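Chains as they are written, first to last, in my numbering: chain A, 340 to 449; chain B, 7 to 119.
Read through the structure below, which is laid out as structure tokens, and then see the notes.
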């Protein structure tokens with residue numbers, strides 16, 4: 340089975356940097372994904388990691404340690420529009436189906 | 007706009023009824039995934055189809071079924087509906103069945119009264 344843990348809520352200040360952690364336990368591992376979801380809207384893809392290390396994509400970076408079952412999403416230069424839920428998801432098999440954590444609700448304050 | 011379409015946007019029905027949710031994937035995408043998102047719960051993977059064939063199954067109830075048609079659109083059938091089935095149902099698509107980005111549709115909000 341799969342087990343994914345993320346903090347439920349976080350608050351950060353506009354312009355700052357925030358790190359959202361995700362730990363996972365899975366029977367198989369194909370890759371780890373991060374999605375952003377605004378309330379009532381569809382999740383949108385941010386990044387994915389297959390190998391250990393850091394993937395950078397503009398203001399967003401994602402890190403993976405497969406041996407530790409750990410990932411984080413780093414958001415820089417926070418903007419008010421970054422207030423959303425951030426979902427960590429694991430793909431345990433080659434079929435690419437995703438198992439999501441319950442998400443971290445980030446609130447950016449002025 | 008992800009290119010994935012879902013209909014209807016909202017659906018209100020009564021317990022015991024049956025409904026069908028429809029999804030059209032992005033042009034060229036062969037794989038379709040269905041997810042359920044209840045209040046205070048994460049996205050739960052239900053089922054995946056690839057080019058018309060069932061590829062992977064998650065926490066899908068026996069009262070639920072899905073299929074993917076030759077034109078690659080997919081339908082999720084929910085029967086004997088219960089209050090607890092009220093949720094947002096998302097469809098996603100990807101190019102292949104392997105590891106790659108999934109594009110999510112806008113979802114269908116199902117309310118069971």
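Heads up, the beta-carbon is just placed ideally off N, CA and C, and yes, glycines get one too.
Because the structure is a prediction, the values reported are computed rather than measured.
Nearest chain B C-beta to residue i closer than 9 Å, yes or no?
i                      : result
residue 343 of chain A : yes
residue 382 of chain A : yes
residue 372 of chain A : yes
residue 297 of chain A : Beyond the ends of chain A as shown, which are 340 and 449, falls residue 297 of chain A; an answer cannot be given.
residue 362 of chain A : no
residue 428 of chain A : yes
Beta strand (DSSP E) containing residue i: first to last residue?
i                      : result
residue 37 of chain B  : 37–43
residue 430 of chain A : 423–430
residue 16 of chain B  : 16–19
residue 115 of chain B : 114–118
residue 441 of chain A : Here residue 441 of chain A belongs to no beta strand (DSSP E), and DSSP marks it neither H nor E.
residue 392 of chain A : 392–396
residue 418 of chain A : Segment: none, residue 418 of chain A is in no beta strand (DSSP E) and carries neither H nor E.
If I measure Cβ to Cβ from residue i and keep anything under 6 Å in the same chain, skipping five residues before and after, which residues do I get?
i                      : result
residue 394 of chain A : 386, 388 and 401
residue 360 of chain A : 411
Can you give me the Cβ contacts of residue i inside the same chain, cut-off strictly under 8 Å, excluding the 5 residues immediately before and after it?
i                      : result
residue 366 of chain A : 340, 341 and 431
So is residue i buried or exposed if we call it buried at 16+ other beta carbons inside 10 Å?
i                      : result
residue 44 of chain B  : exposed
residue 49 of chain B  : buried
residue 75 of chain B  : exposed
residue 102 of chain B : exposed
Please check if any C-beta of chain A sits within less than 9 Å of the C-beta of residue i.
i                     : result
residue 57 of chain B : no
residue 8 of chain B  : yes
Using 9 Å as the threshold, is the C-beta distance between residue i and residue j below it?
i                      : j                      : result
residue 61 of chain B  : residue 436 of chain A : yes
residue 84 of chain B  : residue 77 of chain B  : no
residue 109 of chain B : residue 9 of chain B   : yes
Leaving out five residues before and five after residue i in sequence, what residues of the same chain have Cβ atoms less than 7 Å from its Cβ?
i                      : result
residue 42 of chain B  : 50, 52, 93 and 95
residue 422 of chain A : 445, 446 and 447
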